[in-house]
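Numbering (the numbering used here), first residue to last: 395 to 560. Report on one structure; see the data block that follows.
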Ligand code: MG
């Protein structure tokens, strides 16, 4: 099988007056991620990994944050566009692994919802999607800069090689 691997990373500031969205799921919290788009670090890290693994330009080049068409855009729309680009290049997502860095809120109650949405969008079994989070052990409070970050590993395969149970 012809696999392609890449990592992605993103970090956004947490601020008042914004909705918090991670992996396309709205999470009830008093703050949200600041960004030109909805600030979804999970999807941004994933999209960047997908683009990198398929040899395409990065997220900032394809979806510039000074382009008015991406102002407040739902990042799930950017994921859909990215999937189309991968499809045109003959690639399919095989596996995804995401690690959030986040002190608050607690994300584990939302993992399954995130997996269900990604599973639907990427057309892979949710057992091929890993989502977890680590805290900074209070470093965020020491730094006095509230943020959520996300690391992502993506494995792509050629479409013609793909079977659901592989
Ligand atoms: Mg971003």
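Yeah, the Cβ is synthetic: ideal placement off N, Cα and C, and Gly gets one too.
Could you name the residues of the same chain whose beta carbon sits closer than 6 angstroms to that of residue 470, not counting the 5 residues immediately before and after it, in chain order?
In the chain shown, the residue the question calls residue 470 occupies position 76. Contacts found: 418.
Taking the DSSP output, what are the residues bridged to residue 404?
Along the chain shown, read from residue 1 onward, the residue named residue 404 stands at position 10. Note: residue 404 sits in a beta bridge opposite 544.
Nearest residue (CA-CA) to residue 507, options 481, 497, 424, 526
Residue numbering aside, residue 507 sits at position 113 when the chain shown is read from its first letter. Closest by alpha carbon: 526.
Between residue 450 and residue 551, what straight-line distance do the alpha-carbon atoms span, to the nearest angstrom?
Stepping through the chain shown from its first residue, residue 450 is reached at position 56. Stepping through the chain shown from its first residue, residue 551 is reached at position 157. In a straight line, the C-alpha of residue 450 is about 15 angstroms away from that of residue 551.
May I ask which residues mark the beginning and end of the beta strand (DSSP E) holding residue 491?
By 1-based counting over the chain shown, the position of residue 491 is 97. 485-495 is the span of the beta strand (DSSP E), which, as asked, contains residue 491.
Can you check which of these residues, 448, 428, 415, 488, is closest to residue 539 by C-alpha distance?
Counting from one through the chain shown, the residue named residue 539 turns up at place 145. Taking only the C-alpha atoms, the option nearest residue 539 is 428.
Hey, residue 408 and residue 494: beta-carbon distance below 8 angstroms or not?
To locate residue 408, count along the chain shown from 1; it is residue 14. To locate residue 494, count along the chain shown from 1; it is residue 100. Going by C-beta atoms, residue 408 is not nearer than 8 angstroms to residue 494.
Which word fits residue 481, buried or exposed, when buried means at least 16 other C-beta atoms lie within 10 angstroms of its C-beta?
As a working mapping, residue 481 is identified with position 87 in the chain shown. That one is exposed.
Any idea if residue 476 is buried or exposed, counting beta-carbon neighbours within 10 angstroms, 16 or more meaning buried?
Position 82 of the chain shown, counted from the first residue, corresponds to residue 476. So residue 476 counts as buried.
Within the same chain, show all residues whose beta-carbon is closer than 8 angstroms to that of residue 499, passing over the 5 residues directly before and after it, in chain order.
The count along the chain shown starts at 1 and reaches residue 499 at position 105. The beta carbon of residue 499 sits closer than 8 angstroms to those of 414, 421, 422, 423, all from its chain and outside the five residues before and after it, given in chain order.
Cα separation between residue 453 and residue 496?
Sequence index remark: in the chain shown, residue 453 carries index 59 (1-based). Sequence index remark: in the chain shown, residue 496 carries index 102 (1-based). Counting only the Cα atoms, residue 496 lies some 22 angstroms from residue 453.
Check the DSSP bridge columns for residue 399 and list the partner residues they point to.
On the chain shown, residue 399 is found 5 positions in, with the first residue counted as 1. Residue 399 is bridged to 549.
Taking DSSP as the reference, what is the three-state secondary structure of residue 426?
Here residue 426 is taken as the residue at index 32 of the chain shown, counted from 1. Residue 426: strand per DSSP, three-state reduction.
From residue 455 to residue 537, what distance separates their C-alpha atoms?
The residue you call residue 455 lines up with position 61 of the chain shown. The residue you call residue 537 lines up with position 143 of the chain shown. Approximately 30 angstroms, taken between the alpha carbons.
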